[in-house]
Structure formats: structure tokens, C-alpha cells
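Residue 184 is where the sequence shown starts when you use the working numbering, and the numbers rise one by one after that. Every residue gets a Cβ at the ideal spot worked out from N, C-alpha and C, and that includes glycine. Just so you know, these numbers come straight off a predicted model, no measurement behind them.
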Amino acid sequence: MARTADLQSRPISAGPGPVVEPSGQVATWVTASVLALASAAVLARLPFLGRPLSPDEGGFLMVAQQWAPGPSLYGAYWVDRPPLLITLFQLAGAIGGGAVGLRLLGALCVGSVVLLAAALARAVARSMGGSTQPGRVVTRVAATAAVFLVSPLFGASEVDGELLALPFVLAGLVATLRARSGARAALGWWAAAGVLGVCAAAVKQNMLEVFVAAAVVLVAQSRRRPAHALLSAGAFLAGATTATLGLVAWAALHGTTAAGLWDAIVTFRLEASSVIARSAPATTHTRALGVAGAFVATGAVGVLAVASTPTLRRGAAFRPTVVGVVAAAVVGWEAVAVVAGGSYWLHYLVGTVPGLVLCAAVAARTGRVRRTALDVVLAYAASVAALGVVVTAMSPIGTPASDLAVERYLTVHSRPGDTGVVAFGDPVLLQAAHLSSPYPELWSLPVRVRDPRLEELAQVLRSADRPTWVVVDGDSLGTWGVDASRAQPVLEHDYRQVWGDGDRHVFHTRTPPR
Numbered sequence: 184m185a186r187t188a189d190l191q192s193r194p195i196s197a198g199p200g201p202v203v204e205p206s207g208q209v210a211t212w213v214t215a216s217v218l219a220l221a222s223a224a225v226l227a228r229l230p231f232l233g234r235p236l237s238p239d240e241g242g243f244l245m246v247a248q249q250w251a252p253g254p255s256l257y258g259a260y261w262v263d264r265p266p267l268l269i270t271l272f273q274l275a276g277a278i279g280g281g282a283v284g285l286r287l288l289g290a291l292c293v294g295s296v297v298l299l300a301a302a303l304a305r306a307v308a309r310s311m312g313g314s315t316q317p318g319r320v321v322t323r324v325a326a327t328a329a330v331f332l333v334s335p336l337f338g339a340s341e342v343d344g345e346l347l348a349l350p351f352v353l354a355g356l357v358a359t360l361r362a363r364s365g366a367r368a369a370l371g372w373w374a375a376a377g378v379l380g381v382c383a384a385a386v387k388q389n390m391l392e393v394f395v396a397a398a399v400v401l402v403a404q405s406r407r408r409p410a411h412a413l414l415s416a417g418a419f420l421a422g423a424t425t426a427t428l429g430l431v432a433w434a435a436l437h438g439t440t441a442a443g444l445w446d447a448i449v450t451f452r453l454e455a456s457s458v459i460a461r462s463a464p465a466t467t468h469t470r471a472l473g474v475a476g477a478f479v480a481t482g483a484v485g486v487l488a489v490a491s492t493p494t495l496r497r498g499a500a501f502r503p504t505v506v507g508v509v510a511a512a513v514v515g516w517e518a519v520a521v522v523a524g525g526s527y528w529l530h531y532l533v534g535t536v537p538g539l540v541l542c543a544a545v546a547a548r549t550g551r552v553r554r555t556a557l558d559v560v561l562a563y564a565a566s567v568a569a570l571g572v573v574v575t576a577m578s579p580i581g582t583p584a585s586d587l588a589v590e591r592y593l594t595v596h597s598r599p600g601d602t603g604v605v606a607f608g609d610p611v612l613l614q615a616a617h618l619s620s621p622y623p624e625l626w627s628l629p630v631r632v633r634d635p636r637l638e639e640l641a642q643v644l645r646s647a648d649r650p651t652w653v654v655v656d657g658d659s660l661g662t663w664g665v666d667a668s669r670a671q672p673v674l675e676h677d678y679r680q681v682w683g684d685g686d687r688h689v690f691h692t693r694t695p696p697r
């Protein structure tokens, strides 16, 4: 007992200890439990296969379907996202062409994340040493991933960058901890971690958990074996560099430059944060409170609380483990990423799943009281998630009536070759009506940052390639962070309103485009 306790509290400067492998019967039970959890998480998403696309989902599909050399970053369109995300949406389009293919890809991601969470639990056990206690650790960690990836309060039903990046993040964390565990192929694991870390960031640029974890582990290694840590860092950087060059080359084949990607992924985000801080309406703060409330209501904050409470033994000082520091660093980064996102949509919380999984792994390894507390939290979280799935599945889920009316009008009245612009930020309307856009900005935030005076939009509305249709939400093109004084007169002079329903207004060009 004393030997096990010592292994479970190995200080940050210590290496991994020995691992006690589970019996064959226990290992079979654990495998069956993990597969059941993964299957349940996938099945919980099936009722939503046909749900309408969100603006992000519809917009990314529009970008992916036409990504080829063109006048903007991704063909005809500009979006502040890295290239692997667009590639995955191309894959979703190949699977099913629309919502169903995207939902199936999302379900596949969820199932793989649950399996990878189990692998991460085993890597944690190998890294911390002692008995793996698979029934106490692996299933709890897999359950953590499954519960929060089906909870509607996490916005998990939407297939967005956070969800699609998770398999790469979890696999990268597994590789990082396997590299630390002293495996024979440690340098190979480090290289794999570098590749996976870049892939995760190439889906969602703020998903940098693998880099954070690698930095913590490498610093810990440098205290014991500086030369080995230097070799490990070299292998990690080699993997990351190879993946980066491959992705840049893949993007270049589609006409997307490295400089353009840097501007979209890094420079734009800094500018966007400034615009949001300066001009965002009160609804942004309301959404921020909603995200914080959802994190509490789902029980996610309970997982963090259980993991962060130190287990003190009589006469022993608290000494953090490497895995514990990794978990804390990852959670800290994810908190920064959610806050820095600025717009505070619920699906931001999906990006906190790696930190929750690591915290569950740490909590399940240390002490019966902590494991019991984790069980209580997971039981509550599972109840909330199950109730949310049932209520959402039974509720009528459809496109808002005003959006549906716009889609129907455009579908009925548009002709082959027609184009459209939505002012601003609802590209799914164009996607549903099968209309392309001559204006490269499909989302509202890029408009506010890149075209705040609507000078580019005014030029498009006056050009020979002017859109056939313009959809306006509200009485004018004006909205927060936008000066419509240049584009509004052009709209009023060159277009006429042909339909209106509530705040939605549809305009048709007076002069046919070229």
C-alpha cells in the first residue's frame, strides 16, 4: 500500500514508475465498457443527423465545395480558419454532400475521442506508475469524454472546429505521455506528438493543448536528463515542422498562400479581439454568462474541483506530479482560449474536453475519496446530458421560420447563375438556396474587421459581377462595428426590395449582373 501511494505521488522531477498490468479478464471488461461508452456517444448523436445546418456548418461547406485557386484566401471566400478544417469539410461533403455527411463525420469524431480518452487514461497510468486499476480509471475517463461530447449544453451537437480537432488533440496527448513513459520508441512518440499537435491547430488554431503538454513534459525531463530532453524536443519539432510544411504545400495546391494563412489565423484574430472589445453589444456579455453557466450546470466545473483538490497524507508534503501539472496547464490554456474567443458560443466548451479528460484521469488515480467524488460528479453530468439529449430530440428542431421563408423565396425565384449576399453572417441561407457569393466575406466578424466601412461590399454591389440577391437583417446594412454610409446608398439605388418578413428583407438587382 505504501509503495502504491508513493508511486501515485511521484514528484514532477521524477520519471515514470513501473506499471502493474491488469489481468486478462479485467482487461476484457474494460475494453467492453469503453466500446459501450463510445457506441452510446455515437448513438446519442444519431437523432440529429438531419437537423438543419448552423451558419458555421453551412458556410464551411460552401467554402470547402469550391476551394481552388481564386481571388480570395480559399478560392472565392475568406475565412479565419486553417486549411485542415476546410479539408475535413470537403471530406464531409464527399460522405453525404450536406448535413447528413457532416453529422456522420461528427459522430465518428465523438466515437474516436472516447476511445482515445481511454488510451490517454492508460498513458497516464503508465506515466504515473503503480497499479493501472483499469476499472477505476479507464472507464471513468472514457465516460468523461462521452458525457460532455453529447451534452447539448456544451453545444456538442454542432460540428465545428473544436469537435473536429479533438481526435488530433487526444492522440497528441497520448503520444506525449507515451514519450515520457520511457518507451523504446520515445523519439518516435515525440515526433508523432509534433505532427498531431500541428494537425489539431490546423483544424482550430487555438487548440494548442499538445504544445502546452509537451512543453511541461520537456521542462520536467530537462531537470533530470538535459541531453535526452534536447533530443526529445528536436524530435517533436521535427514532427511539427514536417506536418506544417505538408499542410502549407496542400494549401498551396489549392491556391492558398502561407502568408494569407498567417494573416487569417494569427493577425486577424488579434484584430478581431480588439474590435469585439471596442464595439461588441451587450448580447456578447450575455452569451459569456451563458457559457459560464453551462460549464457549471453540466458538472464540468465539478470535475475540475475534484482533480484540483490535493490529496494530503499524514506527515507528507504535497508534491505535484508531472501529469498533474500537464492537466493544470492544459486547463489553464483552454480557459484562456474560451475567453479570448470573444463571441462566447456554447461550442467553445467542446474545446475544454481534453482538459476535463486529463483531470478525470488524475482524479481517478489518487485516493478512494476522490474517486467517489468523481463518480458523483460524472453521475450528475451524465443525467444532465441524457436529459438534454432527450429534451432536444423531442423538441421540434428546424430552421427558424424567418430563415426558412428566405430560403424558400430564394430557391423558388432564383435562376441558374444567380448569386447572393447575406448581410451579415448567415451563409447557410445561401448554401440552402444553392447560391454562390461574389462578396468574399461570408461571416459577420470578418466584415467588421476587414471591411468595416463596407467599401469592398459597395464595390461588389456596383460591379458587373454584382449579386443578384441581397438579404438584409434589419432596416439597413448597418450593424455594430460597421459604417454602412457607403454601401447603403448603392443598395437603395441599384436594388429594389422584393420580399420582406419581419427583420428579413430580400433585395433584387435592378440591372442584371454580367
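Q. In chain order, which alpha helix (DSSP H) runs of at least 4 residues are fully inside the stretch 363-451?
A. Counting only unbroken stretches of 4 or more residues, the alpha helix (DSSP H) elements lying wholly within the stretch 363-451 are 369-384, 392-407, 409-436 and 441-445, in sequence order.
(Q) Can you look up Ser-340 in the DSSP assignment and give me helix, strand or coil? (A) Locating residue 340 in the sequence shown gives position 157, where the first residue counts as 1. Judged by DSSP in its simplified three-state form, Ser-340 adopts coil rather than helix or strand.
Q: Measure the C-alpha to C-alpha separation of Phe-351 and Ala-385 and round it to an integer number of angstroms.
A: As a working note, residue 351 is residue 168 in the sequence shown. As a working note, residue 385 is residue 202 in the sequence shown. One C-alpha to the other measures close to 10 Å.
Q) CA-CA distance, Lys-387 and Leu-529? A) Here the question's residue 387 lines up with position 204 in the sequence shown. Here the question's residue 529 lines up with position 346 in the sequence shown. Approximately 15 Å, taken between the alpha carbons.
**Q.** Cβ neighbours of Arg-363 in the same chain (closer than 6 Å, five flanking residues each side left out)
**A.** Counting from 1 along the sequence shown, the entry for residue 363 is found at position 180. Closer than 6 Å at the Cβ level, and outside the excluded window around Arg-363, lie Ser-310 and Val-400.
Q. Does DSSP classify Gln-700 as helix, strand or coil?
A. As shown, the chain starts at 184 and ends at 697. That puts residue 700 outside it, with no answer to give.
Q. What distance in whole Å lies between the Cβ atoms of Val-673 and Leu-644, which are believed to be in contact at a cut-off of 8 Å?
A. The sequence position of residue 644 within the sequence shown is 461, counting from 1. The sequence position of residue 673 within the sequence shown is 490, counting from 1. Leu-644 to Val-673, Cβ: 5 Å. Contact.
Q: Check each candidate in Leu-236, Leu-628, Val-560 and Thr-692 and name the one with the smallest Cα separation from Pro-464.
A: For the purposes of this step, residue 464 is taken as residue 281 along the sequence shown, with counting starting at 1. Relative to Pro-464, the option among Leu-236, Leu-628, Val-560 and Thr-692 whose CA is nearest is Leu-628.
**Q.** Proximity to Ala-606 [Cα-Cα], best of Val-595, His-437 and Pro-621
**A.** For the purposes of this step, residue 606 is identified with residue 423 of the sequence shown, where counting begins at 1. When Val-595, His-437 and Pro-621 are compared, the shortest CA-CA separation from Ala-606 is found for Pro-621.
Q. What three-state label does DSSP hand His-468 in the structure shown?
A. Translated into positions along the sequence shown, residue 468 becomes position 285. In this structure, DSSP gives His-468 a helical state, which the three-state scheme calls helix.
Q | Local Cβ density within 10 Å of Phe-690, reported as buried at 16 or more and exposed below that | A | The residue given as residue 690 occupies position 507 in the sequence shown. With a 10 Å radius around the Cβ and a threshold of 16 neighbouring Cβ atoms, Phe-690 comes out buried.
**Q.** Identified DSSP bridge partners for Phe-690
**A.** Residue mapping note: residue 690 aligns to position 507 of the sequence shown, counting from 1. Looking at the DSSP assignment, Phe-690 forms a beta bridge with Val-653 and Gln-680.
Q) Helix or strand or just coil, what does DSSP make of Tyr-563? A) Working through the sequence shown from its first residue, we reach residue 563 at position 380. In the displayed model, Tyr-563 falls within a helix according to three-state DSSP.
Q | Cβ neighbour criterion (16 or more within 10 Å) applied to Trp-445 | A | Within the sequence shown, residue 445 is the residue found at index 262, counting from 1. Residue environment: Trp-445 is assigned as exposed (fewer than 16 neighbouring CB atoms within 10 Å of its CB, all protein chains considered).
Q. Alpha carbon to alpha carbon, how far is Ala-219 from Trp-652?
A. By one-based count along the sequence shown, residue 219 stands at place 36. By one-based count along the sequence shown, residue 652 stands at place 469. Straight through space, the alpha carbons of Trp-652 and Ala-219 are spaced by roughly 49 Å.
Q.
Here's the rule I'm using: 16 or more other beta-carbon atoms within 10 Å means buried, otherwise exposed. How should Glu-638 be labelled?
A. Walking along the sequence shown from the start, residue 638 turns up at place 455. Note on Glu-638: under 16 other CB atoms within 10 angstroms of its CB, so exposed under the neighbour-count rule.
(Q) Please classify Ser-334 as buried or exposed, where buried requires at least 16 other C-beta atoms within 10 Å of its C-beta. (A) For the purposes of this step, residue 334 is taken as residue 151 along the sequence shown, with counting starting at 1. Note on Ser-334: 16 or more other CB atoms within 10 angstroms of its CB, so buried under the neighbour-count rule.
Q) With contact counted as at least three CB pairs below 8 Å, one residue from each stretch, are the stretch 434-443 and the stretch 390-404 in contact? A) With fewer than three CB-CB distances shorter than 8 Å, the stretch 434-443 does not count as touching the stretch 390-404.
Q. Phe-337 and Ala-480: beta carbons closer than 8 Å?
A. Translated into positions along the sequence shown, residue 337 becomes position 154. Translated into positions along the sequence shown, residue 480 becomes position 297. Not a contact, by the Cβ cut-off of 8 Å.
Q | Exposure label - Thr-315; buried when at least 16 CB within 10 Å | A | Indexing the sequence shown from 1 puts residue 315 at position 132. Note that Thr-315 scores 44 on pLDDT, short of 50, meaning its location in the model is unreliable and no value can be drawn from it.
**Q.** C-beta atoms of Leu-229 and Ala-282 nearer than 8 Å
**A.** Stepping through the sequence shown from its first residue, residue 229 is reached at position 46. Stepping through the sequence shown from its first residue, residue 282 is reached at position 99. Contact: no.
Q: Count the other CB atoms, across all protein chains shown, that sit within 10 Å of the CB of Ser-668; report buried if there are 16 or more and exposed otherwise.
A: Position 485 of the sequence shown, counted from the start, is the residue given in the question as residue 668. Exposed is the call here.
**Q.** Contact belief for Leu-414 with Leu-379 at Cβ below 8 Å, rounded distance in angstroms
**A.** Taking the sequence shown and counting its residues from 1, one reaches residue 414 at position 231. Taking the sequence shown and counting its residues from 1, one reaches residue 379 at position 196. About 19 Å separates the beta carbon of Leu-414 from that of Leu-379, a gap too long to meet the 8 Å contact definition.
Q. Mind checking Pro-695: buried by the 16 CB within 10 Å criterion, or exposed?
A. Position 512 of the sequence shown, counted from the start, is the residue given in the question as residue 695. So Pro-695 ends up on the exposed side.
Q.
In the DSSP assignment, the alpha helix (DSSP H) including Gly-279 goes from what residue to what residue?
A. Along the sequence shown, read from residue 1 onward, the residue named residue 279 stands at position 96. Its alpha helix (DSSP H) spans residues 266-279.
Q: With Val-545 as the anchor, note down where its alpha helix (DSSP H) starts and where it stops.
A: Numbered from its first residue, the sequence shown carries residue 545 at position 362. 536-548 is the span of the alpha helix (DSSP H), which, as asked, contains Val-545.
(Q) Let me confirm a value: His-468 is counted as buried when at least 16 other C-beta atoms fall within 10 Å, else exposed. Which label applies? (A) Your numbering for residue 468 matches position 285 in the sequence shown. Exposed.
Q: Answer yes or no: do Arg-679 and Val-654 have a C-beta to C-beta separation smaller than 8 Å?
A: Mapped onto the sequence shown, residue 679 falls at position 496. Mapped onto the sequence shown, residue 654 falls at position 471. Cβ atoms of Arg-679 and Val-654: not closer than 8 Å.
Q: State the Cα-Cα distance for the pair Val-217 and Ala-556, rounded to the nearest angstrom.
A: Stepping through the sequence shown from its first residue, residue 217 is reached at position 34. Stepping through the sequence shown from its first residue, residue 556 is reached at position 373. Straight-line Cα distance between these residues: approximately 21 Å.
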